[in-house]
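Protein chains: 2
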Amino acid sequence: MFAEERQQAILQRLREEGRVLAKALAESLGVSADTIRRDLIALEKKGFLKRTHGGAIPGKKVRSGPLSPALRYSEGSAAEKAIAKKAAGFIGRDDTVFIGSARLHYVMLDELPTSYHFTVVTNSTVIAEKLKARENIDTYVVGGRLRPSGTIADAIAVDFLRGLRLDICFLTGGGLSAEHGVSTATGDVAVLHRTAAEVARRVICLVTHDKLGSEMFARIIPIQEVDVILTDADAPEDEIQLLRETGAEVIVVDPEKAGLEA
Amino acid sequence: MFAEERQQAILQRLREEGRVLAKALAESLGVSADTIRRDLIALEKKGFLKRTHGGAIPGKKVRSGPLSPALRYSEGSAAEKAIAKKAAGFIGRDDTVFIGSARLHYVMLDELPTSYHFTVVTNSTVIAEKLKARENIDTYVVGGRLRPSGTIADAIAVDFLRGLRLDICFLTGGGLSAEHGVSTATGDVAVLHRTAAEVARRVICLVTHDKLGSEMFARIIPIQEVDVILTDADAPEDEIQLLRETGAEVIVVDPEKAGLEA
DNA sequence: CAACTTCCTTCGTGATTTTGCATTTTTTTA
DNA sequence: TAAAAAAATGCAAAATCACGAAGGAAGTTG
Numbered sequence: 001m002f003a004e005e006r007q008q009a010i011l012q013r014l015r016e017e018g019r020v021l022a023k024a025l026a027e028s029l030g031v032s033a034d035t036i037r038r039d040l041i042a043l044e045k046k047g048f049l050k051r052t053h054g055g056a057i058p059g060k061k062v063r064s065g066p067l068s069p070a071l072r073y074s075e076g077s078a079a080e081k082a083i084a085k086k087a088a089g090f091i092g093r094d095d096t097v098f099i100g101s102a103r104l105h106y107v108m109l110d111e112l113p114t115s116y117h118f119t120v121v122t123n124s125t126v127i128a129e130k131l132k133a134r135e136n137i138d139t140y141v142v143g144g145r146l147r148p149s150g151t152i153a154d155a156i157a158v159d160f161l162r163g164l165r166l167d168i169c170f171l172t173g174g175g176l177s178a179e180h181g182v183s184t185a186t187g188d189v190a191v192l193h194r195t196a197a198e199v200a201r202r203v204i205c206l207v208t209h210d211k212l213g214s215e216m217f218a219r220i221i222p223i224q225e226v227d228v229i230l231t232d233a234d235a236p237e238d239e240i241q242l243l244r245e246t247g248a249e250v251i252v253v254d255p256e257k258a259g260l261e262a
Numbered sequence: 263m264f265a266e267e268r269q270q271a272i273l274q275r276l277r278e279e280g281r282v283l284a285k286a287l288a289e290s291l292g293v294s295a296d297t298i299r300r301d302l303i304a305l306e307k308k309g310f311l312k313r314t315h316g317g318a319i320p321g322k323k324v325r326s327g328p329l330s331p332a333l334r335y336s337e338g339s340a341a342e343k344a345i346a347k348k349a350a351g352f353i354g355r356d357d358t359v360f361i362g363s364a365r366l367h368y369v370m371l372d373e374l375p376t377s378y379h380f381t382v383v384t385n386s387t388v389i390a391e392k393l394k395a396r397e398n399i400d401t402y403v404v405g406g407r408l409r410p411s412g413t414i415a416d417a418i419a420v421d422f423l424r425g426l427r428l429d430i431c432f433l434t435g436g437g438l439s440a441e442h443g444v445s446t447a448t449g450d451v452a453v454l455h456r457t458a459a460e461v462a463r464r465v466i467c468l469v470t471h472d473k474l475g476s477e478m479f480a481r482i483i484p485i486q487e488v489d490v491i492l493t494d495a496d497a498p499e500d501e502i503q504l505l506r507e508t509g510a511e512v513i514v515v516d517p518e519k520a521g522l523e524a
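Residue numbers (this note's numbering), protein chains in the order written: chain A, 1 to 262; chain B, 263 to 524.
Here's what the structure looks like:
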């Protein structure tokens with residue numbers, strides 16, 4: 001196993017569990033504690049985590065997991081906000097939509113419609129907490145085991161989703177390519193999102209430009225099953241072209257203009 | 263738990279509640295008061311808080327945001343704390359317990375065991391959020407519609423519970439009488455709790471003395487199905503006698519002594 | 001193909017950190 | 001002012017970390 005792979009695995013676990021133990025990592029990855037410590041030092045230098053005695057906790061750059069406590073209150077970038085706003089515009093009166101537990105979903109919360117009623121299903125207790133007081137939104141939480149990160153993504157949650165029918169599934173992912181489709185780092189999150197997509201009439205995928213063309217471990221769904229892809233203006237033209245050839249509708253959101261549309 | 267995590271948890275609580283007590287922190291975080299004091303010193307040096315005798319208040323670097331709704335639950339009366347502590351003592355290693363969304367359940371959170379692993383199932387996202395970071399606790403959230411109060415209590419939630427088997431169900435209610443059993447104000451909450459009680463091996467009922475003898479609209483379960491009743495020393499003797507005649511084990515907790523037991 | 005370089009890893013040893021306990025001092029409260 | 005609670009201080013045990021040395025795999029160069 002290469003150092004790079006290991007470090008990726010460490011970050012993944014950090015995102016999932018909210019913390020990692022050096023000793024446990026050494027054991028499960030099959031290397032010495034020394035090596036792990038070096039990895040942690042390297043990752044800390046890059047700002048991905050913060051070392052502690054015995055392990056590490058998420059740093060400022062760990063975004064994907066939903067809202068590490070530090071990031072929870074941080075604001076999305078202009079591009080993220082623009083994408084989120086556009087996405088929220090797809091929600092119709094009395095629709096039922098799935099909103100996951102990724103950072104972009106969190107950014108969406110501030111852009112959701114306020115003037116008419118709709119229903120949100122989410123697998124994040126953090127998002128649920130934020131939505132519960134909105135009068136025009138019915139909030140449903142999927143059942144299952146809650147991870148330290150605030151996400152629910154086990155078999156129970158998948159089963160829960162299977163019993164529903166949704167109008168829109170808002171997907172995000174760590175990677176999006178014409179060949180591999182939408183993908184993410186961990187298997188169970190992928191399965192949960194796939195299920196949400198399967199029970200939804202429409203699948204809208206939100207990705208910042210840096211995700212285009214990259215492919216991650218676990219595929220959520222192939223590109224053919226995505227109805228709309230929302231990305232920002234920094235997206236490379238050729239990637240967009242490839243995506244469009246698959247039949248997906250690609251909408252490029254311009255952060256500058258987004259403000260005016262409102 | 264890492265020092266860093268602890269300190270973040272302390273700051274989190276400081277933000278939520280406006281102040282922290284050293285002793286309470288030590289207990290709920292599972293470390294000695296010494297360690298907490300050292301954490302407070304470190305945080306004070308960084309300007310995040312100002313130490314006081316017995317705890318700390320927010321420093322210049324901590325925005326003490328609007329008090330979260332959780333605050334009103336955070337501090338229980340002496341009687342409530344004593345009951346909650348006694349109740350928490352029933353939890354054994356690797357047990358699976360149901361903790362509802364009532365005020366007394368919130369009070370319990372600070373008294374839960376920290377030294378061994380167990381599993382909590384809850385229908386409150388507020389409680390789930392509070393528990394998700396505890397490393398010795400596996401937290402499960404029931405699925406269903408989330409009410410503005412942070413409670414989930416619909417048919418989906420009931421269905422979720424039916425698929426589980428629990429060791430202990432911690433019940434509370436608005437009323438408790440020998441004749442009418444445990445009761446509460448609303449129907450669906452009653453059904454949810456009844457279901458939790460049905461799938462649990464043991465039912466432990468937590469009620470402050472003022473609830474004894476009163477009966478509310480919706481019965482959760484008859485008294486015969488309650489295994490243990492916990493109440494405080496102000497409970498009237500005759501009521502206790504009536505309850506005991508039904509076969510239930512009634513434990514009267516003395517707030518004064520409760521401190522010494524610890 | 002052999003010698004060299006480079007990178008990565010492990011191991012051993014001493015230093016550091018963290019934590020809890022006991023004791024003394026200070027502060028609070030009645 | 002006396003008793004109780006909390007804080008400071010010193011100390012010891014356990015865990016973790018840092019650093020240097022050595023081994024080994026992969027690739028490079030002559």
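The C-beta atom is built at its ideal place from N, Cα and C for all residues, glycine as well. Keep in mind that this is a model prediction, so the values were computed, not measured.
Per-residue burial, residue i [other beta carbons within 10 Å of its own, 16 or more giving buried]
{"i": "Asp372(B)", "result": "buried"}
{"i": "Lys60(A)", "result": "exposed"}
{"i": "Arg72(A)", "result": "Residue placement at Arg72(A) cannot be trusted, given a pLDDT of 41 that sits under 50; what the coordinates show is reported in the next sentence. Arg72(A) is exposed by the Cβ-count criterion."}
{"i": "Lys132(A)", "result": "buried"}
{"i": "Leu67(A)", "result": "Confidence at Leu67(A) is low in this model, with a pLDDT of 42, below 50, so the placement of that residue should be treated as unreliable; the coordinate-derived value is given next. Its Cβ being crowded by 16 or more others within 10 Å, Leu67(A) is buried."}
{"i": "Ala340(B)", "result": "exposed"}
{"i": "Pro320(B)", "result": "buried"}
{"i": "His105(A)", "result": "buried"}
{"i": "Ser363(B)", "result": "buried"}
{"i": "Asp535(B)", "result": "Residue coverage of chain B in this structure runs from 263 to 524, which leaves residue 535(B) outside it and unanswerable."}
{"i": "Asp296(B)", "result": "exposed"}
{"i": "Gln7(A)", "result": "buried"}
{"i": "Glu266(B)", "result": "buried"}
{"i": "Ala447(B)", "result": "exposed"}
{"i": "Phe479(B)", "result": "exposed"}
Contact set between residue i and chain A, taken where Cβ atoms lie within less than 8 Å
{"i": "Glu391(B)", "result": "Thr125, Val126, Glu129 and Gly150"}
Same chain only: Cβ atoms within 8 Å of residue i, ignoring 5 sequence neighbours per side
{"i": "Arg275(B)", "result": "Val282 and Leu287"}
{"i": "Glu245(A)", "result": "Ala178"}
{"i": "Leu161(A)", "result": "Phe98, Val121, Val142, Leu192, Thr195, Ala196 and Val199"}
Under 7 Å by beta carbon: chain A residues contacting residue i
{"i": "Leu408(B)", "result": "Ala128, Lys132, Thr139, Tyr140 and Val141"}
{"i": "Phe422(B)", "result": "Gly143"}
Chain B contact residues for residue i, given Cβ-Cβ distances below 8 Å
{"i": "Thr52(A)", "result": "Phe264, Ala265, Glu266 and Glu267"}
Span separating the alpha-carbon of residue i from that of residue j
{"i": "Lys23(A)", "j": "Arg15(A)", "result": "18 Å"}
{"i": "Thr434(B)", "j": "Leu468(B)", "result": "5 Å"}
{"i": "Ala304(B)", "j": "Arg38(A)", "result": "26 Å"}
{"i": "Ile483(B)", "j": "Ala459(B)", "result": "8 Å"}
{"i": "Asp472(B)", "j": "Ile513(B)", "result": "15 Å"}
{"i": "Thr231(A)", "j": "Phe2(A)", "result": "32 Å"}
{"i": "Ala233(A)", "j": "Pro255(A)", "result": "8 Å"}
{"i": "Ile99(A)", "j": "Pro498(B)", "result": "51 Å"}
{"i": "Arg201(A)", "j": "Asp167(A)", "result": "5 Å"}
{"i": "Ser411(B)", "j": "Glu391(B)", "result": "14 Å"}
{"i": "Glu239(A)", "j": "Leu212(A)", "result": "7 Å"}
{"i": "Leu505(B)", "j": "Asp421(B)", "result": "31 Å"}
{"i": "Tyr116(A)", "j": "Ile127(A)", "result": "19 Å"}
{"i": "Lys45(A)", "j": "Arg51(A)", "result": "10 Å"}
{"i": "Ile287(A)", "j": "Phe380(B)", "result": "One cannot answer for residue 287(A) here, as it falls past the ends of chain A, which runs 1 to 262."}
{"i": "Glu342(B)", "j": "Gly449(B)", "result": "25 Å"}
{"i": "Ala332(B)", "j": "Arg93(A)", "result": "Residue confidence is low: Ala332(B) scores 45 on pLDDT, short of 50, so the model does not pin down where it sits. No coordinate-derived value is stated."}
{"i": "Lys225(B)", "j": "Ser290(B)", "result": "Outside the displayed span of chain B (263 to 524) sits residue 225(B), for which this structure offers no information."}
Contacts of residue i in chain B (Cβ-Cβ under 9 Å)
{"i": "Ile57(A)", "result": "Phe264, Glu266, Glu267 and Gln270"}
{"i": "Gly18(A)", "result": "Glu267, Lys394 and Ala395"}
Residues near residue i by beta carbon distance below 7 Å, same chain, minus five either side
{"i": "Glu215(A)", "result": "Gly175, Ser177, His180 and Ser183"}
{"i": "Ala157(A)", "result": "Asn123, Val142, Gly143, Gly144 and Leu192"}
{"i": "Thr272(A)", "result": "Any question about residue 272(A) goes unanswered here, given that chain A covers just 1 to 262."}
Beta-carbon proximity list for residue i, same chain, < 6 Å, skipping 5 on both sides
{"i": "Gly509(B)", "result": "none"}
{"i": "Tyr140(A)", "result": "Val121"}
{"i": "Leu302(B)", "result": "Arg313 and Ala318"}
Where residue i meets chain B, residues with beta-carbon distance less than 7 Å
{"i": "Gly47(A)", "result": "Chain B residues near Gly47(A): none, gap ~15 Å exceeds 7 Å."}
Quick check on the DSSP output: what are the complete alpha helix (DSSP H) runs of length 4 or more inside the stretch 397-477 of chain B, in order along the chain? Within the stretch 397-477 of chain B, the alpha helix (DSSP H) runs of at least 4 residues that lie entirely inside it are, in chain order, 417-424 and 449-460.
Contiguous alpha helix (DSSP H) assignments of at least 4 residues, all confined to the stretch 230-255 of chain A: Every unbroken stretch of the alpha helix (DSSP H) spanning 4 or more residues and falling wholly within the stretch 230-255 of chain A is given here in chain order: 237-245.
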